[in-house]
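Participant: Residue numbers (this note's numbering): 727 to 1007. Using N, Cα and C, we set each Cβ at its ideal position, and we do this for glycine too. Small disclaimer: the values here were computed from a predicted structure and weren't measured.
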Amino acid sequence: MKITGSIREVRELVKEWKRQGLSVGLVPTMGYLHEGHKSLIDRAVAENDRVVVSDFVNPIQFGANEDLADYPRDIEADKRLCEAAGADLIFHPAPEEMYAPDFSTYVEMQQVSERLCGKSRPTHFRGVCTVVCKLFHIVNPDQAYFGQKDAQQLAVIRRMVRDLDLDIRIVGCPIVREADGLAKSSRNTYLNEEERKAALVLSKAIFHGEALAKGGERRPDVIADEMAKIIKAEPMARIDYVELVDADTICPLQKMQGRVLAAIAVFIGKTRLIDNFILEL
Ligand code: AMP
727 MKITGSIREV RELVKEWKRQ GLSVGLVPTM GYLHEGHKSL IDRAVAENDR VVVSDFVNPI
787 QFGANEDLAD YPRDIEADKR LCEAAGADLI FHPAPEEMYA PDFSTYVEMQ QVSERLCGKS
847 RPTHFRGVCT VVCKLFHIVN PDQAYFGQKD AQQLAVIRRM VRDLDLDIRI VGCPIVREAD
907 GLAKSSRNTY LNEEERKAAL VLSKAIFHGE ALAKGGERRP DVIADEMAKI IKAEPMARID
967 YVELVDADTI CPLQKMQGRV LAAIAVFIGK TRLIDNFILE L
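(1) Leaving out five residues before and five after residue 974 in sequence, what residues of the same chain have Cβ atoms less than 7 Å from its Cβ?
(2) Within a Cβ cutoff of 6 Å, which residues of the same chain sit near residue 932, ignoring the five residues on either side of it in sequence?
(3) Since residue 896 and residue 884 should fall inside the 8 Å C-beta cutoff, what is the C-beta to C-beta distance between them, to a whole number of angstroms?
(4) Determine the extent of the beta strand (DSSP E) in which residue 755 is found, giving its start and end residues.
(5) Rounded to whole angstroms, how far is the Cβ of residue 894 from the Cβ of residue 867, which I believe are closer than 8 Å?
(6) Can you tell me whether residue 790 is buried or exposed? The criterion is at least 16 other CB atoms within 10 Å of its CB, across all chains shown.
(7) Measuring alpha carbon to alpha carbon, tell me which residue in 877, 981, 914 is nearest residue 943.
(8) Quick check on residue 1002: does DSSP put it in helix, strand or coil?
(9) Return the CA-CA distance between residue 779 and residue 941, expressed in angstroms with no decimal places.
(10) Could you name the residues that DSSP lists as bridge partners for residue 781?
(11) Check whether the region 796-812 touches the region 837-854, taking contact to mean three or more Cβ pairs, one atom from each stretch, closer than 8 Å.
(12) Can you tell which of 998, 861, 874 has the C-alpha that lies nearest to the C-alpha of residue 927?
What follows is the structure, encoded as structure tokens:
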């Protein structure tokens, strides 16, 4: 396995693979890799001849008061995980390699990116779309792998690929959880012992909402209220949002139909965590 921070080097390698007729999968990540990331890499390795993992804490998707400086990093551990999973290349650029000092072109999306996380983090999806678009152009993959954990991000990427006619298949992969239910996240490292226990309200609310919906409850507001109740019972938790929306458009639901996304964002102390479930009706 190779690691490089050079855009030119990635291009040359991928060109050579394509010349040989090999298929290429891309797994975009911000590093500090865990089992959730590994499930994406495993799937990419199973479905492609060559796999590129990008490992880049993308500054432009963080708001001014967010955790860019504190975001955990461990490239040596990431290398070991990628190597063991059978990835072929890690792209680990310096911010200066990705963003010229006078960088000034962004991919801006309306609608899908405006609610939920887009509402609490107004410049977040502009940063995500811009970096993912750049990564798609740098790596030129046949397929790219994203986690359902970031359900709105997945919807945003699918919309970008459709709207901009990008010739890349987007593969969504299920949420990987800790044994007790907490969705795996690089940000879980921010939680102290007490907060880690309190963070269980997220998965508890998700499992309860999912059980209600699967049991036949068809009123979106009732499901959202029941989930919010569980979260509010935990004094260390503060709700950012609890919403049921259409999984593709991220628009509020009048009726439970199609692909329903129940998504939550909750602060546990200073740490903002997200979780969700999708129900196909
Ligand atoms: P991140 O490094 O947090 O930006 O995540 C990189 C990719 O891994 C995104 O597509 C995430 O949705 C995915 N991912 C992160 N955590 C999980 C998880 N617990 N289960 C599945 N995919 C995940």
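Facilitator: On the basis of the supplied data:
(1) Here the set comprises 881, 985.
(2) 1001, 1003
(3) 5 Å
(4) DSSP places residue 755 in the uninterrupted beta strand (DSSP E) bounded by 750-755.
(5) 6 Å
(6) exposed
(7) 981
(8) strand
(9) 39 Å
(10) 755
(11) no
(12) 998
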